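Notes to accompany the following structure.
Numbering (UniProt numbering), first residue to last: 1 to 378.
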């Protein structure tokens, strides 16, 4: 696994999580100084395409499997504060966009900004489908792994919305401002805030599962991957610490958290994401529902492929039939053409014979006239 972080010092850092006997070790894998401003956001796709946004108004793209830069988007109007690498489209924001989240299906997205509006985007058409007014400026918005709900964060308060009703179903809060958020499952969410505080909350039961201090300053970002016995959570804080935590479930309502690795990067971290070379993007594949969704998508692709193959065979058979019909038509047309030619020749011959008879008769008549005109001898 590889953890990628952005910094205030315009750098992008990549660390490998190397397993040890006890926990993990962070090993620096790459550094990049392509940006000329503070790196505000990082996001990675399941294929390992990293997108980074900066205050220099440039979004850069990298291939994490090959560790090369593959492109840049240089005509962004305003400073990009958040990025999610899932789809290809462009929008014209009305004011600064504070947060943006793409639905697991990739067909719709949510955004919140300084205009105090929540916008629903249709990614199939690239147009805004719905606008909802909110009372205050929202800082974060996030879809659940299955896409059945989403959360909106305003200062230190979290509102959970149901997708079907668009109504608030649950509300929770922290003592300080919330600066980072991450869904572990559809029901469990992790919140990070001031003074390194971390809170786990169960949406379904409306109960807190864990209140913990990471002994750092403000938490700026989370990265998470699923494990057989729990979760591996990585926190990035503004004091430069990158820490790995192992979360194991203890009973139905509690979790046990253990530190399994850390590193002092000596930079002010701003954001964080994680990529696994074996399993793809762990942030996308966090729950069994998400895995079922991707498996279903692969099955649909296979069915579409088979349908295309069947269509190709049908088209090929149709082409064969058309060619056979054309050859038959060609043979019949040739035969009919020959018949027409023979009929025309016979008709011409029939027409010419009476003309010849008429000419011979005229000759006979002329001869008879000549004989009549000759004088008789006396």
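Glycine residues also receive a C-beta, built at the ideal position from the N, C-alpha and C atoms. Computed from a predicted model, the values in this text were never measured in an experiment.
- Contact check for residue 31 against residue 17 fails: the beta carbons are separated by 9 Å or more.
- Looking only at 70, 71, 66, 11, the smallest Cα-Cα distance to residue 55 is reached by 11.
- Beta-bridge analysis with DSSP links residue 8 to no other residue.
- Here residue 58 is not bridged, per DSSP, to any residue.
- For residue 170, the enclosing beta strand (DSSP E) begins and ends at 168-173.
- Contact between residue 214 and residue 237 holds: their C-beta atoms lie close to 7 Å from each other, under 8 Å.
- If you look at residue 153, you'll find it in the beta strand (DSSP E) that goes 149-154.
- Taking a contact as a CB-CB distance under 8 Å, the pair residue 112 and residue 129 does not count as one, their CB atoms being some 15 Å apart.
- Distance check between residue 186 and each of 142, 118, 196, 64 places 142 closest, using alpha-carbon atoms only.
- Taking 3 residues as the minimum length, the beta strand (DSSP E) runs contained wholly in the stretch 185-223 are 188-193, 197-202, 207-213, in order along the chain.
- Of the residues 362, 119, 272, the one whose Cα lies closest to the Cα of residue 44 is 272.
- Bridge pairing for residue 262: 243 [DSSP].
- DSSP places residue 50 within a strand segment (E or B) once states are collapsed to three.
- Separation of residue 201 and residue 149 (C-alpha to C-alpha, rounded to the nearest whole angstrom) is 15 Å.
- DSSP places residue 182 in the uninterrupted beta strand (DSSP E) bounded by 178-183.
- With fewer than 16 neighbouring CB atoms inside 10 Å of its own CB, residue 72 falls in the exposed class.
- The C-alpha of residue 266 is placed about 10 Å away from the C-alpha of residue 9.
- The residues 199, in chain order, have a CB closer than 6 Å to that of residue 211 in the same chain once the five nearest residues on each side in sequence are set aside.
- With respect to the C-alpha of residue 268, the residue from 241, 120, 140, 33 having the closest C-alpha is 241.
- Of all alpha-carbon atoms in 256, 192, 251, the one lying nearest the alpha-carbon of residue 235 is that of 192.
- Look at residue 364 here: in three-state DSSP terms it is helix.
- For residue 232, the uninterrupted beta strand (DSSP E) segment begins and ends at 230-237.
- The beta carbons of residue 123 and residue 109 sit closer together than 9 Å.
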